[in-house]
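To start, the structure under review is shown below, and the notes come after it.
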Amino acid sequence: MTEAITSLYIHIPFCASKCFYCDFNSYVASESVRAQYVDDLVGELKELKRWYSPNHSAKPLQTIYIGGGTPTMLSAREFERIAMTIHETFERSADLEWTVEANPGTTTPEILRAMKEMGVNRVSIGTQTFNETLLLSIGRLHSPEQTRASVEQAFAAGIDRVSLDLMLGLPDQTLDDVDDALTQVLAAGVSHVSAYGLKVEENTPFFSWEKKGLLHLPDEDLQVAMYERVRERLLDAGFLHYEVSNYARPGAESRHNLTYWRNRPYFAAGAGAHGYTGKMRYENIRALGAYHEARLRSERPVENEYPVSRQEAMENEMMLGLRLAEGVSDRDFFARYQTSIEQVFKGVCERLLKLGLLTHRDGIWRVPEQHVEVANEIYAEFVGVHT
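Quick note on this note's numbering: the sequence shown kicks off at 100 and runs consecutively.
Here is the structure:
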């Protein structure tokens with residue numbers, strides 16, 4: 100039987116400007132373009148269950164995540180339209196986690212109150228750094244003061260679960276910059292922190308500048324020191340390091356993102372959104388014009404989709420699950436695939452255990468904390484084992 104889909108991702112592809120490192124599907128667009136997009140998105144949301152989960156008994160949504168782009172570029176009225184469509188289309192669990200991403204400088208008391216009234220109970224704010232010079236160097240438009248204001252506005256609206264994003268390894272960033280950011284994050288009283296290392300992606304200004312030798316990034320040792328400083332200070336402050344790049348107060352983990360890391364299915368809507376039915380992965384059309392044309396024809400706005408084989412699903416289970424402190428359970432793996440991890444990945448597991456890059460205790464597979472900085476190489480060992 101197909102696994103029930105109980106998570107929903109919605110993509111809002113609008114920003115006030117394009118950051119120099121960003122390769123996400125986002126655009127600077129007029130109010131009329133944003134309004135048209137909301138019309139198209141509402142129509143897509145109404146069809147998701149019919150398209151992607153017609154053959155299993157309806158189960159309430161456990162998590163909703165509205166990301167971007169910058170969802171808080173929408174007006175309160177536009178957000179209310181999206182939220183009302185969700186309410187009319189989907190059952191929702193009593194303990195639903197509903198997250199909206201926001202950028203400092205785009206939040207207002209009005210839109211945060213509207214979010215709270217419609218059921219949003221978690222906000223993820225793209226802080227990146229509290230150093231104003233660094234913010235300018237990566238193309239961010241906000242100030243440290245606007246980050247603090249966004250957190251305070253969320254709390255004032257009654258949204259008490261707030262996450263802040265930090266970036267590590269930025270051009271000319273120092274360990275003192277990271278320490279200062281952590282001091283301000285802890286002072287803000289938030290319950291979740293994401294700390295991601297900069298990855299230079301193709302088709303971004305940073306990629307072009309790096310090729311020309313114009314991008315001065317911290318060396319590998321300094322980047323490792325930044326990662327370790329984040330971990331040390333957040334653990335000392337009572338946070339749990341529950342995923343490679345994510346920390347939370349006990350009970351404040353991102354349940355929606357755990358859906359991804361546990362390789363569970365989820366609906367996705369919006370231009371460029373990626374969804375997973377448990378049997379099929381799909382990617383929506385990225386370009387706004389083509390997305391609109393597909394919706395005018397009442398078509399699924401899908402650009403790419405492909406079936407996920409049992410072998411690929413098992414590989415994903417290991418690659419994603421090993422990112423988590425909870426690791427991958429023998430019992431859960433067998434329940435999903437009717438075979439054991441050691442049988443499917445025998446040679447890989449034996450080699451990584453011998454090297455000390457993997458542990459297996461009490462039926463749980465984990466990457467040791469001291470090897471997290473090379474974790475991507477460890478995850479890659481599980482790809483294409485039988486090809």
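In this text, a Cβ means the ideal position worked out from N, Cα and C, and glycines have one as well. All values reported here derive from a predicted model rather than from experimental measurement.
Is the Cβ-Cβ distance between Leu269 and Leu240 less than 9 Å?
-> no
Between the Cα of Ala367 and the Cα atoms of Ala115, Val132, Pro159 and Ile165, which residue gives the shortest distance?
-> With distances taken between Cα atoms, Ala367 lies closest to Ile165.
In this structure, does DSSP put Pro317 in helix, strand or coil?
-> coil
With distances taken from CA atoms, which of Glu177, Glu392 and Lys378 is nearest Glu490?
-> The first residue shown for the chain is 100 and the last is 486, placing residue 490 beyond what the model contains.
Tell me, which residues are paired with His291 by DSSP?
-> Ser262 and Ala347
Whose C-alpha, out of Arg348, Leu267, Ile163 and Leu234, is nearest the C-alpha of Val219?
-> Ile163
With DSSP collapsed to three states, give me the class of Ser397.
-> coil
Could you give the C-beta distance for Val137 and Glu177, rounded to a whole number, given that I count them as a contact under 8 Å?
-> 5 Å
Sorted by chain position, which residues of the same chain lie with C-beta nearer than 8 Å to Thr303's C-beta, five sequence neighbours on each side aside?
-> Phe119, Tyr120, Cys121 and Asp122
What are the uninterrupted segments assigned as alpha helix (DSSP H) that are 4 or more residues long and contained completely in the region 148-235, given in chain order?
-> 175-188 and 208-217
Note the first and the last residue of the continuous alpha helix (DSSP H) segment covering Phe306.
-> Pro304 to Lys310
Can you give me the start and stop residues for the beta strand (DSSP E) that Phe366 sits inside?
-> Phe366 to Ala368
For Ala286 versus Asn362, is the C-beta spacing smaller than 9 Å?
-> Taking C-beta atoms as the reference points, Ala286 and Asn362 fail to come closer than 9 Å.
Would you say Gln383 and His110 are within 9 Å of each other, going by their C-beta atoms?
-> Here residue 383 turns out to be Asn, not Gln, going by the sequence shown. Yes, the pair counts as a contact, with Cβ atoms nearer than the cut-off.
Three-state class that DSSP yields for Val471 in the structure shown = In the structure shown, Val471 sits in a helix (DSSP, three-state: H, G or I).
Identify which residue in Met172, Leu452 and Val299 has its Cα closest to the Cα of Val127.
-> Met172
Expressed to the nearest angstrom, what Euclidean distance is found between the alpha-carbon atoms of Arg348 and Leu333?
-> 9 Å
In angstroms, rounded to a whole number, what distance separates the CA positions of Lys145 and Gly167?
-> Those two C-alpha atoms are separated by around 20 Å.
May I have a chain-ordered list of the alpha helix (DSSP H) segments no shorter than 4 residues that lie completely inside the region 383-430?
-> 387-395 and 409-420
Could you pull the start and end residues of the alpha helix (DSSP H) that His373 belongs to?
-> Unbroken run through His373 is the beta strand (DSSP E), His373 to Tyr375; no alpha helix (DSSP H).
Give every residue of the same chain whose Cβ lies closer than 6 Å to the Cβ of Gly369, excluding the five residues on either side of it in the sequence, and list them in chain order.
-> Ile109, His110 and Leu140
Could you tell me the distance, in whole angstroms, from the CA atom of Phe113 to the CA atom of Leu452?
-> Each residue's Cα considered, the two are about 45 Å apart.
Thinking Lys215 and Ile181 are a contact (beta carbons under 8 Å), I'd like their distance in whole angstroms, please.
-> That belief does not hold up - the Cβ atoms of Lys215 and Ile181 are roughly 15 Å apart, past 8 Å.
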